[in-house]
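Number of protein chains: 2
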Amino acid sequence: MSTPRQLSLNAFIYPSGHHEAAWRHPDSQPGRIYDVDYYQEIGRTAEAAKLDAVFFADGPALRTNVKHNAGSGLEPITLLTAIATATTHLGLIATASTTYYEPYNLARLFSTLDHISRGRAGWNIVTTGTDLAAANFGLDRHPDHAERYARAREFVDAVVALWDSWEDDAILLDLASGVYADPDKIHPIDFVGEHLSVRGPFNAPRTPQGYPVLVQAGASNEGRSFAGKYAEAIFTAHQRLEDAQRFYADIKAQARGFGRDPEHVKILPGISPFIGDTEAAAKRLEREFNELTVPEYGLSQLENIVGKSLHHLPLDEAVPVDLFDDAGDVTDNGRSRLQVVAGIVQRERPTVRGLLHRLAGARGHRVFAGTPEQVADTIEEWFRSGAADGFNVMPPYYPGGLQVFADTVVPILQQRGLFRTEYTGTTLRDHLGLPRPAGRTAPEPALTS
Amino acid sequence: MSTPRQLSLNAFIYPSGHHEAAWRHPDSQPGRIYDVDYYQEIGRTAEAAKLDAVFFADGPALRTNVKHNAGSGLEPITLLTAIATATTHLGLIATASTTYYEPYNLARLFSTLDHISRGRAGWNIVTTGTDLAAANFGLDRHPDHAERYARAREFVDAVVALWDSWEDDAILLDLASGVYADPDKIHPIDFVGEHLSVRGPFNAPRTPQGYPVLVQAGASNEGRSFAGKYAEAIFTAHQRLEDAQRFYADIKAQARGFGRDPEHVKILPGISPFIGDTEAAAKRLEREFNELTVPEYGLSQLENIVGKSLHHLPLDEAVPVDLFDDAGDVTDNGRSRLQVVAGIVQRERPTVRGLLHRLAGARGHRVFAGTPEQVADTIEEWFRSGAADGFNVMPPYYPGGLQVFADTVVPILQQRGLFRTEYTGTTLRDHLGLPRPAGRTAPEPALTS
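Note that the protein sequences, when read in sequence, are chains Y and C.
According to full-length UniProt numbering, the first sequence holds residues 1 to 449 in order.
According to full-length UniProt numbering, the second sequence holds residues 1 to 449 in order.
Okay, here's the thing in structure tokens:
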């Protein structure tokens with residue numbers, strides 16, 4: 001009997017939790033967010049629950065509103081290396097920018113993480129679209145969306161070519177003759193693009209996975225096309241089943257259009273679960289967190305999304321429905337977030353404070369408050385109805401929010417046969433059901449006539 | 001009673017050992033050089049011996065002559081993070097290039113290593129001078145020496161300013177008011193140079209050490225001046241006591257000239273010890289390694305140093321004394337290595353094979369074969385005669401070569417009162433006797449009249 005289709009579940013780590021006020025709640029541990037033990041413990045919790053991977057977002061700039069925002073700013077590849085040494089099976093996915101890294105450097109960091117973790121690395125490819133980041137790299141403004149994606153395509157092509165520049169059997173380790181590696185099986189890549197050029201070859205052999213899993217998160221048209229071509233897993237933000245289904249169908253079709261097996265593109269929406277013994281208890285917990293928010297912080301975050309000043313709006317009156325008609329200077333990669341927010345306002349007609357609470361949970365990702373059964377039900381519904389291959393779980397608070405999910409929701413999904421009870425492989429590709437890329441082989445010798 | 005002046009001792013890690021043929025010797029383990037456990041074991045050995053630090057060289061290009069060269073190419077910051085989690089006191093020094101990194105990215109990698117290791121990171125600052133590296137970053141030729149050092153100065157200034165951009169008490173963690181950090185204590189750096197510009201602020205607080213220890217290795221005139229201004233530890237390559245003394249005096253004077261305490265610049269020559277129960281046994285061991293060298297490999301390495309073809313030279317005849325008079329296309333940072341080699345030829349008049357054996361040990365660093373007492377004697381002599389504050393120990397083979405040094409030489413140095421028997425601090429700065437940099441404080445408030 002073959003195994004039925006299985007969910008993929010990641011834990012998306014944000015230091016104190018994804019709820020913006022989590023660090024103020026007694027169940028979080030904000031004093032430990034620069035302590036490596038804290039992240040290793042979270043990794044062990046995720047591995048004990050047999051999750052596919054842990055995941056970190058990233059950007060090379062100080063977060064906005066640091067006054068009220070307890071992010072850590074730690075560099076995720078380094079942090080995941082520390083988690084790698086505390087675990088044996090857990091996948092390790094780091095975000096890194098194609099706009100602000102050099103391909104040779106980034107290829108090395110991820111290759112080394114894959115070697116160190118024995119095949120558990122994944123790269124969440126982002127193009128980073130903020131002027132704050134640009135100013136840290138000598139630019140006045142960040143390059144526009146189209147230019148960033150053009151560079152991103154070249155960047156990924158070059159990095160993959162570097163990772164594949166050694167044939168799998170290039171190392172000979174022939175003690176007798178003194179030949180360590182066969183130079184004929186190590187190839188320059190001679191990549192020449194419009195935005196970057198890399199000669200190669202890479203300076204290390206292929207990794208246990210061939211190369212790290214390619215992950216992507218862009219929801220713009222360019223982002224989708226990029227994802228259809230390159231991504232092996234996609235992190236998405238959808239509030240509603242029907243939107244998620246539409247996205248799912250689109251990406252799978254794009255992958256097919258690129259000649260890829262749609263099974264090899266896993267679509268993983270975010271979900272931020274408040275879990276309680278009863279639905280009322282879960283909603284009470286969510287309210288408790290929302291009441292800890294600082295409206296000034298939420299308003300300025302919302303201003304970043306809509307691109308205009310909102311501080312004049314009375315907190316307890318309804319959000320004007322025309323608020324988004326003349327959205328100001330919206331960054332192009334903010335447009336999909338703007339659509340999410342506009343959708344909430346149109347459907348739910350919240351007060352300003354209500355909208356801030358809706359967004360406080362997980363920055364536009366879906367927040368769900370319910371019992372373990374209800375959380376499992378909605379995961380199963382999306383999984384069975386063509387909306388998701390799994391989920392990027394975004395606990396509202398850490399470490400407890402992940403522990404509760406692991407202790408109460410995971411066992412239900414396991415009982416339903418939807419999620420593994422033991423790892424069946426050792427690499428992130430194994431967990432996701434992705435093949436190890438074949439890599440290059442020597443060209444056929446020319447026929448002699 | 002105050003502690004007498006203490007040696008600093010690092011273990012410089014090269015995968016199978018510093019001798020170029022180490023990977024062919026039965027005492028090395030070349031099949032494990034992509035296995036993280038191997039490096040964690042080396043780290044634990046170094047820590048058990050109470051060494052100051054382990055250290056990795058690095059460059060963003062495939063090593064030359066990979067056919068006979070068993071380097072690993074693994075990225076050292078990531079690798080040291082894995083060693084950090086297996087140790088508690090050991091310092092962790094990684095080489096990284098100012099020419100081929102962006103300052104914001106590199107500042108983050110080292111800052112995170114310092115946070116994760118609780119204050120044990122060091123950065124060996126190099127400018128990387130090979131065309132092979134340049135071609136991996138879209139350049140036809142590497143920038144020249146002066147231009148690389150000009151960028152390096154700006155780079156280090158910008159990185160240190162980033163590391164210091166948060167005042168030490170910027171994080172308030174005020175749960176009651178919802179204020180995580182005081183934005184008035186987090187400063188943009190607004191660095192505008194000729195080669196790079198970085199606005200800042202950094203996206204993470206100062207590290208346990210304030211910032212990582214700054215290490216440097218350049219021996220050119222520009223390298224020395226750079227070292228005198230910035231370096232807190234310097235790795236050098238000297239064959240003879242008198243050359244090392246001259247260098248030592250020069251650097252200490254340069255540091256004084258920059259208004260620095262010369263005690264805060266530690267000078268650490270490389271030494272690659274073959275250790276035996278008798279001097280004859282040690283020399284036999286060295287010969288055993290030398291006999292495993294592949295002359296074709298050694299010749300091509302030497303050709304890289306002298307910048308011209310040498311394959312016509314008969315191996316068992318004397319090296320022509322005029323060989324270096326018309327050195328060819330020598331890269332400018334190769335000039336100091338060229339001087340080391342020319343000095344050996346003038347003093348020792350070796351055969352070509354003999355010269356290749358002399359260089360096979362540690363790429364121009366000093367190779368010393370003797371008993372544990374003799375190794376301790378030469379270390380003590382250099383330490384007491386103004387030539388060294390300690391040593392960068394380069395075991396000819398790993399892991400055994402480090403183990404033998406730890407088991408036989410370290411106890412002698414400890415008995416002589418020259419080296420710690422227990423760590424007295426927890427950070428790399430503690431081990432090296434370097435102060436934690438003060439960091440910036442808020443400007444005095446303007447006086448109201």
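The C-beta atom is built at its ideal place from N, Cα and C for all residues, glycine as well.
Check whether residue i and residue j have beta carbons under 9 Å apart
| i | j | result |
| --- | --- | --- |
| F55(Y) | I93(Y) | yes |
| Y104(Y) | N69(C) | no |
| T424(C) | R118(C) | no |
| Y211(Y) | F110(Y) | yes |
| D157(Y) | G400(Y) | no |
| H145(Y) | A362(Y) | no |
| S97(Y) | A121(Y) | no |
| R108(C) | N203(C) | yes |
| N124(C) | A219(C) | no |
| L413(C) | D52(C) | no |
| L338(Y) | H25(Y) | no |
| A369(Y) | L285(Y) | yes |
Strand pairing of residue i, partner residues [DSSP]
| i | result |
| --- | --- |
| G42(Y) | Just to set this straight, residue 42(Y) is Ile in the shown sequence, not Gly. Looking at the DSSP assignment, I42(Y) forms no beta bridge with any residue, so it has no partner. |
| K266(Y) | A233(Y) |
| S28(C) | P399(C) |
| P273(Y) | F368(Y) |
| V179(Y) | D174(Y) |
| W23(Y) | Partner(s): none; W23(Y) has no beta bridge. |
| Q216(C) | I125(C) and I234(C) |
| V192(C) | S197(C) |
Beta-carbon proximity list for residue i, same chain, < 6 Å, skipping 5 on both sides
| i | result |
| --- | --- |
| P188(C) | R199, G200 and P201 |
| Y248(Y) | I267, G386 and A387 |
| D58(C) | P76 and T95 |
| R366(Y) | Q239 and I271 |
| N65(C) | Y297 and S300 |
| L402(C) | A11, T45 and P395 |
Under the three-state DSSP convention, the category residue i falls into
| i | result |
| --- | --- |
| P208(C) | coil |
| S449(Y) | Because the pLDDT at S449(Y) is just 43, under 50, the model does not fix this residue reliably, and the point stays unresolved. |
| L359(C) | helix |
| A170(Y) | coil |
| G401(Y) | helix |
| F155(Y) | helix |
| L413(Y) | helix |
| I33(C) | coil |
| F419(C) | coil |
| L432(C) | helix |
| Q254(Y) | helix |
| Q6(Y) | coil |
| I379(C) | helix |
| residue 492(C) | Chain C is shown from 1 up to 449; residue 492(C) falls before or after that span and cannot be answered. |
| I305(Y) | helix |
| S197(Y) | strand |
| S97(C) | strand |
Same chain, Cβ closer than 7 Å to residue i, neighbours up to 5 away in sequence not counted
| i | result |
| --- | --- |
| Q6(Y) | L418, F419 and R420 |
| F405(Y) | P273, I275, V393 and P395 |
| T81(Y) | L113 and I116 |
| G439(Y) | D164, E167, D168, R206 and G210 |
| G43(Y) | V54, I83, A86, T87 and L90 |
| T441(C) | E167 |
Beta-carbon proximity list for residue i, same chain, < 8 Å, skipping 5 on both sides
| i | result |
| --- | --- |
| S449(Y) | Caution applies to S449(Y), whose pLDDT of 43 falls short of 50 and renders its modelled position unreliable; the model cannot decide the point. |
| L302(Y) | L310, V341, L355, L356 and L359 |
| V265(C) | A227, G228, A231, E232, A233, I234, I251, K252 and A255 |
Give me the subset of the stretch 15-30 of chain C whose CB atoms are less than 8 Å from a CB atom of chain Y, sorted by chain position.
Answer in chain order: A21, W23, R24 and P30.
Contacting positions in the stretch 199-211 of chain Y - beta carbon closer than 8 Å to chain C
Taken in chain order, the members of the stretch 199-211 of chain Y whose beta-carbon sits within less than 8 Å of a beta-carbon on chain C are R199, G200, P201, F202, N203, A204 and P205.
Closer than 7 Å, Cβ to Cβ, to anything on chain Y: give me those residues from the stretch 127-141 of chain C, in chain order.
Taking 7 Å as the Cβ-Cβ cut-off against chain Y, the residues of the stretch 127-141 of chain C that qualify are A135, N136, F137 and G138.
Could you run through the stretch 148-173 of chain C and flag, in chain order, every residue whose CB is less than 7 Å away from some CB of chain Y?
L173
Chain B contacts from the stretch 62-79 of chain Y (Cβ-Cβ distance under 9 Å):
Protein chains in the displayed structure are Y and C, and chain B is not among them.
Note down, in chain order, all residues in the stretch 421-445 of chain C with a beta-carbon under 7 Å from any beta-carbon belonging to chain Y.
Interface annotation for the stretch 421-445 of chain C against chain Y: empty, criterion Cβ-Cβ distance under 7 Å.
Residues of the stretch 102-121 of chain Y whose Cβ lies closer than 7 Å to any Cβ of chain C, in chain order:
E102, Y104, N105, R108, L109, T112, L113, H115 and I116
Listed in chain order, which residues of the stretch 173-191 of chain Y have Cβ atoms closer than 7 Å to some Cβ of chain C?
L173, L175, G178, V179, Y180, A181, P183 and I186
Where the stretch 384-407 of chain Y meets chain C: residues whose CB sits under 7 Å from a CB there
none
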